[in-house]
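Chemist: Protein sequence lines, in the order shown, are assigned to chains A and B. Everything in the first sequence is counted per numbering that gives the first Met the number 0, starting at 0 for the first residue and increasing by one. Everything in the second sequence is counted per numbering that gives the first Met the number 0, starting at 0 for the first residue and increasing by one.
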Amino acid sequence: MKNRFQIAKSAFVDAIDINEYIEIGSSYMVMTQLENVIQKPFKMVILFGRPGTGKSILLKNLFEQIKNQKEMHLFETPSSNKQEFLRQLFKAIKKEDSPLDADVDFVDLVNYCKSIKDQREIIFLLDEAQMYAIDIFEKIRLISDTNAVKFIISLHQHEKEELLTQTHFSSRIWERIELKNITPQEQAIYIHKKLSNKNLIDIANSIKDKNLKLIYKYTNGNYRECNKLMFTIFEICEYYDRYNPLKMMNINSIPNKIIEMAGLKLGYINA
Amino acid sequence: MHNIELLEKQWKRYQIKKYFPLIAVALFLLIGSIVFNMFDSKISNDSLISKQSNMIAAHKAYDKENLPFFTHGAIEIMEPAFSGHQALVAAVINQESNTTEEINDTNNTDRPAIAESKSNLSINNMQTDKEEYRKQKIKINLEQTTDINSITDVMRRFYESKDPNDSLFLAINYYEQNDYSKAFYWAIETNKITEDLEESWLIMAKSKAKMGDRNEAIRILRAYAAKTNSKKALDLLNQIETNQW
Chain A
0 MKNRFQIAKS AFVDAIDINE YIEIGSSYMV MTQLENVIQK PFKMVILFGR PGTGKSILLK
60 NLFEQIKNQK EMHLFETPSS NKQEFLRQLF KAIKKEDSPL DADVDFVDLV NYCKSIKDQR
120 EIIFLLDEAQ MYAIDIFEKI RLISDTNAVK FIISLHQHEK EELLTQTHFS SRIWERIELK
180 NITPQEQAIY IHKKLSNKNL IDIANSIKDK NLKLIYKYTN GNYRECNKLM FTIFEICEYY
240 DRYNPLKMMN INSIPNKIIE MAGLKLGYIN A
Chain B
0 MHNIELLEKQ WKRYQIKKYF PLIAVALFLL IGSIVFNMFD SKISNDSLIS KQSNMIAAHK
60 AYDKENLPFF THGAIEIMEP AFSGHQALVA AVINQESNTT EEINDTNNTD RPAIAESKSN
120 LSINNMQTDK EEYRKQKIKI NLEQTTDINS ITDVMRRFYE SKDPNDSLFL AINYYEQNDY
180 SKAFYWAIET NKITEDLEES WLIMAKSKAK MGDRNEAIRI LRAYAAKTNS KKALDLLNQI
240 ETNQW
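Pasting the structure below:
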């Protein structure tokens, strides 16, 4: 039987699992913004933010929400080269595999996209787009000009900035949406909801304001950092619960000592 | 699973590191306040001594400039440091007196060592003066007492308030104790503040007379009588001149 802290730490495994998605104020706003944008005649939308601000899970959530309403494709992992990317596009647009023994004819693909204009509207969600090469971005730009294919591009802040600020590119960007770190209140809701979803109300209630302040101090409202820290905290709790149960028995609040130990372990603080 | 024991050790080190600045600041403030208090009390003592030294210097200057009839008899008086042992040292060196000797009061370590001039002057009118003083309405609220603590209290109050009634009280008190050098000193202190207290002049003259400096006593009384035409001063002057006092 699983120890309750084992279950608690499993809530904070850093994975893009839509079932674990917690919608809080700021992510709800961005989601609404994206839902509105895709109803418009856009070519490209840039979703940017620091690592760990929830871009990937937001794209996945959008995909899950809209995939039945619009023709939508999510590329979670960037293609390693231009040809592979074009093959993925080809397959998604033409709904057939490209010939394995020959390269995708980009001009032919563009012409095909033009031919389906006003008949189909295909939206590509590109996660981790900062990993795409510049020439792939150029292809994306040209395909988006057909108005049949649209792109929502998620990338890290400040990466590919030079390219995106160039006039020929920036003029095609309908909207730039920035994802920021969450506020302390949002982080408290996030942690509470994560635990509540696992029916760990007692543990959720044992995390007091002083704990939340310290957690926010270390993680600065970053989802990924928060997940890492919470995972480590519950890992330490699990250890005490197993080897020194008296320490964790009838505990009304998580001692800050455990949070600080987790902080030391993860390098937020130094001894 | 992490090595929890190692983490706990790291956490202890972190706690020390975390609170070290606070502990250091607290210790610094504690030591600082102790040093400051020590220094401050030393400064207070020094400033009081310095204040007293200044008064003595001022006194000397006053003697030379305002009381020319004292110039043939120099006076040196050292007042006590009140914060420590209440040592009062007064030395009167009279050029005309060859009978100066030092008297150390061994009964009480708090009491001063006194260099006092002995005189063979008579004390015939002493009782009369006492009675006159008691009749006079002087604003002295303290009980007259020979208790050294009370005297030093009055001295302390005088240094704070510069009330001539306090210094006159001391002058009378010392005179009654036959401590004429100190009586003379406090009468002068009174006169520095105000020259309108007749009793102060009389104590000054009588103290001089008691210390054997009859001429000086006569000069003081003449100076005061010329200024105020005081009957008491003239009577006392007459008595001293005719050796009836």
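Beta carbons are placed, not taken as given, at the ideal position from N, Cα and C, and that holds for glycine. These numbers come from a predicted model, not from an experiment.
1) Nearest to Phe4 of chain A by CA position, among A:Ile232, A:Ser55, A:Asn251, A:Ile142, is which residue?
2) Can you tell me which of the three DSSP states Phe74 of chain A falls into?
3) Listing by chain order, which chain A residues have their CB less than 8 Å from the CB of Tyr18 of chain B?
4) From Tyr158 of chain B to Ala208 of chain B, what does the alpha carbon distance come to, in whole angstroms?
5) How do the stretch 60 to 75 of chain A and the stretch 9 to 21 of chain A stand: do at least 3 beta-carbon pairs fall below 8 Å, yes or no?
6) Return the chain-ordered ranges of every beta strand (DSSP E) run that is complete within the stretch 62 to 124 of chain A and spans a minimum of 3 residues.
7) Checking contacts by CB at 8 Å: is Ala270 of chain A closer than that to chain B?
8) Cβ of Ile3 of chain B less than 8 Å from any chain A Cβ?
9) Which of the three DSSP states is assigned to Asn93 of chain B in this structure?
10) Residues of chain A with CB closer than 8 Å to the CB of Leu21 of chain B, please, in chain order.
11) Report, in whole angstroms, the separation of the C-beta atoms of Lys138 of chain A and Lys81 of chain A, which I expect to be a contact under 8 Å.
12) Looking only at its own chain, which residues have a Cβ that is under 6 Å from the Cβ of Phe84 of chain A, when we skip the five neighbours before and after it?
13) Would a C-beta distance cut-off of 8 Å place Ile3 of chain B and Ile258 of chain A closer than the cut-off?
14) With a threshold of 7 Å on Cβ separation, who are the neighbours of Leu236 of chain B within its own chain once the five nearest residues in sequence on each side are excluded?
15) What's the C-alpha gap between Asn93 of chain B and Tyr184 of chain B?
16) Using a Cβ-Cβ cut-off of less than 9 Å, list which residues of the stretch 217 to 236 of chain A approach chain B; keep chain order.
17) Is the separation between the beta-carbon of Ile45 of chain A and that of Leu163 of chain A shorter than 8 Å?
18) Who are the neighbours of Tyr13 of chain B on chain A, taking C-beta pairs under 8 Å?
19) Nearest to Tyr27 of chain A by alpha carbon, out of A:Asn219, A:Gly53, A:Met247?
20) Could you tell me whether any Cβ in chain A is nearer than 8 Å to the Cβ of Glu7 of chain B?
21) Cα separation between Ser199 of chain B and Ser206 of chain B?
22) Is it buried or exposed for Phe69 of chain B, if we count other Cβ within 10 angstroms and need 16 for buried?
23) Where does Trp10 of chain B fall in DSSP's three states?
24) Taking C-alpha atoms, which residue in A:Ile176, A:Tyr239, A:Ile92 lies nearest to Ser25 of chain A?
25) Any beta carbon of chain B sitting closer than 8 Å to that of Tyr215 of chain A?
26) According to the neighbour-count rule (16 or more other Cβ atoms, all chains shown, within 10 Å of its Cβ), is Ile133 of chain A buried or exposed?
27) On the DSSP bridge list, what partners appear for Ser153 of chain A?
28) Go to Leu178 of chain A, then tell me how far its beta strand (DSSP E) extends in each direction, as first and last residue.
29) Quick one: what's got a C-beta closer than 8 Å to Ile239 of chain B's C-beta in the same chain, skipping five residues either side?
30) Out of A:Gly51, A:Leu245, A:Lys39, A:Gln118, which has the shortest C-alpha to C-alpha gap to Glu127 of chain A?
31) Helix, strand or coil for Val148 of chain A? Go by DSSP, reduced to three states.
32) Pick from A:Asp208, A:Gln38, A:Lys90: whose alpha carbon is nearest that of Phe105 of chain A?
33) On the criterion of 16 or more Cβ atoms from any shown chain inside 10 Å, does Phe168 of chain B qualify as buried, or is it exposed?
34) Just verifying my parser: in three-state terms, what is the DSSP assignment at Lys8 of chain A?
35) For Ala188 of chain B, I'd like the list of residues in its chain whose CB is within less than 6 Å of its CB, leaving aside the five on either flank, ordered along the chain.
36) Report the residue from A:Asn255, A:Asp96, A:Leu154, A:Phe74 whose alpha carbon sits nearest the alpha carbon of Arg49 of chain A.
Modeler: The relevant details are as follows:
1) Reading the first sequence from its first residue, position 5 is the one you call residue 4 of chain A. For Phe4 of chain A, the nearest C-alpha among the options comes from A:Ile232.
2) Here residue 74 of chain A corresponds to residue number 75 of the first sequence, with the count starting at 1. Three-state result, Phe74 of chain A: strand.
3) Against the second sequence, residue 18 of chain B aligns to sequence position 19. Identification of chain A residues near Tyr18 of chain B by a Cβ-Cβ cut-off of 8 Å yields none; the smallest Cβ-Cβ distance measures about 12 Å.
4) For the purposes of this step, residue 158 of chain B is taken as residue 159 along the second sequence, with counting starting at 1. For the purposes of this step, residue 208 of chain B is taken as residue 209 along the second sequence, with counting starting at 1. Looking at the two C-alpha atoms, the distance is approximately 28 Å.
5) Yes, they touch.
6) Runs of beta strand (DSSP E) with 3 or more residues, each lying fully within the stretch 62 to 124 of chain A, are found at 70 to 74, listed in chain order.
7) By 1-based counting over the first sequence, the position of residue 270 of chain A is 271. By this cut-off, Ala270 of chain A is an interface position.
8) Counted from its first residue, the second sequence places residue 3 of chain B at position 4. The beta carbon of Ile3 of chain B falls within 8 Å of a beta carbon belonging to chain A, placing the residue at that interface.
9) Along the second sequence, one-based indexing puts residue 93 of chain B at 94. Since pLDDT at Asn93 of chain B reaches only 41, below the 50 mark, its modelled position is unreliable, and the value read off the structure follows with that caveat. DSSP, reduced to helix, strand and coil, places Asn93 of chain B outside both helices and strands of the structure shown, so it counts as coil.
10) Along the second sequence, read from residue 1 onward, the residue named residue 21 of chain B stands at position 22. None at all; the shortest Cβ gap to chain A is about 16 Å.
11) To locate residue 138 of chain A, count along the first sequence from 1; it is residue 139. To locate residue 81 of chain A, count along the first sequence from 1; it is residue 82. Their Cβ separation, rounded to whole angstroms, is 7 Å, which keeps Lys138 of chain A and Lys81 of chain A in contact under 8 Å.
12) As a working mapping, residue 84 of chain A is identified with position 85 in the first sequence. Apart from the 5 residues on each side of it in sequence, Phe84 of chain A sits with its Cβ closer than 6 Å to the Cβ of Ser78, Ile135 in its chain, given in chain order.
13) Within the second sequence, the letter at position 4 stands for residue 3 of chain B. Within the first sequence, the letter at position 259 stands for residue 258 of chain A. The criterion of a C-beta distance shorter than 8 Å is not satisfied by Ile3 of chain B and Ile258 of chain A.
14) Start at 1 with the first residue of the second sequence, and residue 236 of chain B comes out as number 237. Closer than 7 Å at Cβ, skipping near neighbours: Ile217, Leu220, Arg221, Ala224.
15) Here residue 93 of chain B corresponds to residue number 94 of the second sequence, with the count starting at 1. Here residue 184 of chain B corresponds to residue number 185 of the second sequence, with the count starting at 1. Low per-residue confidence applies at Asn93 of chain B: pLDDT is 41, beneath 50, and the placement is therefore not dependable, though the value from the model is reported in the following sentence. If you draw a straight line from the Cα of Asn93 of chain B to the Cα of Tyr184 of chain B, it comes to about 13 Å.
16) Cβ contacts with chain B: Thr231, Glu234, Ile235.
17) To locate residue 45 of chain A, count along the first sequence from 1; it is residue 46. To locate residue 163 of chain A, count along the first sequence from 1; it is residue 164. For the 8 Å CB-CB criterion, Ile45 of chain A and Leu163 of chain A form a contact.
18) Within the second sequence, the letter at position 14 stands for residue 13 of chain B. Chain A residues near Tyr13 of chain B: Glu259, Leu263, Ile268, Asn269, Ala270.
19) For the purposes of this step, residue 27 of chain A is identified with residue 28 of the first sequence, where counting begins at 1. For Tyr27 of chain A, the closest alpha carbon among the candidates A:Asn219, A:Gly53, A:Met247 is that of A:Gly53.
20) Here residue 7 of chain B refers to the residue found at position 8 of the second sequence. Residue contact with chain A for Glu7 of chain B: present (Cβ-Cβ distance below 8 Å to some residue of chain A).
21) The sequence position of residue 199 of chain B within the second sequence is 200, counting from 1. The sequence position of residue 206 of chain B within the second sequence is 207, counting from 1. Distance between the alpha carbons of Ser199 of chain B and Ser206 of chain B: 10 Å.
22) For the purposes of this step, residue 69 of chain B is identified with residue 70 of the second sequence, where counting begins at 1. For Phe69 of chain B, the predicted model reports a pLDDT of 43, less than 50, meaning its position is unreliable; a value from the coordinates is still stated below. Its Cβ being crowded by 16 or more others within 10 Å, Phe69 of chain B is buried.
23) For the purposes of this step, residue 10 of chain B is identified with residue 11 of the second sequence, where counting begins at 1. Three-state DSSP puts Trp10 of chain B in a helix.
24) Numbered from 1 along the first sequence, position 26 holds the residue referred to as residue 25 of chain A. For the residues A:Ile176, A:Tyr239, A:Ile92, the minimum Cα distance to Ser25 of chain A belongs to A:Ile176.
25) Residue mapping note: residue 215 of chain A aligns to position 216 of the first sequence, counting from 1. By this cut-off, Tyr215 of chain A is not an interface position.
26) Taking the first sequence and counting its residues from 1, one reaches residue 133 of chain A at position 134. The residue is exposed, with fewer than 16 neighbouring Cβ atoms inside 10 Å.
27) By one-based count along the first sequence, residue 153 of chain A stands at place 154. According to DSSP, which records beta bridges pairwise, Ser153 of chain A is partnered with A:Leu46.
28) Locating residue 178 of chain A in the first sequence gives position 179, counting from the first residue. Counting along the chain, the beta strand (DSSP E) containing Leu178 of chain A begins and ends at 172 to 178.
29) Walking along the second sequence from the start, residue 239 of chain B turns up at place 240. These residues qualify, in order along the chain: Ala204, Ala208, Arg213, Ala216, Ile217, Leu220.
30) Within the first sequence, the letter at position 128 stands for residue 127 of chain A. Closest by alpha carbon: A:Gly51.
31) As a working note, residue 148 of chain A is residue 149 in the first sequence. In the structure shown, Val148 of chain A sits in a strand (DSSP, three-state: E or B).
32) As a working mapping, residue 105 of chain A is identified with position 106 in the first sequence. The shortest C-alpha separation from Phe105 of chain A is found at A:Lys90.
33) Taking the second sequence and counting its residues from 1, one reaches residue 168 of chain B at position 169. That one is buried.
34) For this step, residue 8 of chain A is matched to residue 9 along the first sequence. Of the three classes helix, strand and coil, the one that applies to Lys8 of chain A here is helix, per DSSP.
35) By 1-based counting over the second sequence, the position of residue 188 of chain B is 189. Correcting the residue type first, residue 188 of chain B is Glu in the shown sequence and not Ala. Counting only Cβ-Cβ distances below 6 Å, and skipping sequence neighbours, we find Ser166.
36) Taking the first sequence and counting its residues from 1, one reaches residue 49 of chain A at position 50. Out of A:Asn255, A:Asp96, A:Leu154, A:Phe74, A:Leu154 has the C-alpha closest to the C-alpha of Arg49 of chain A.
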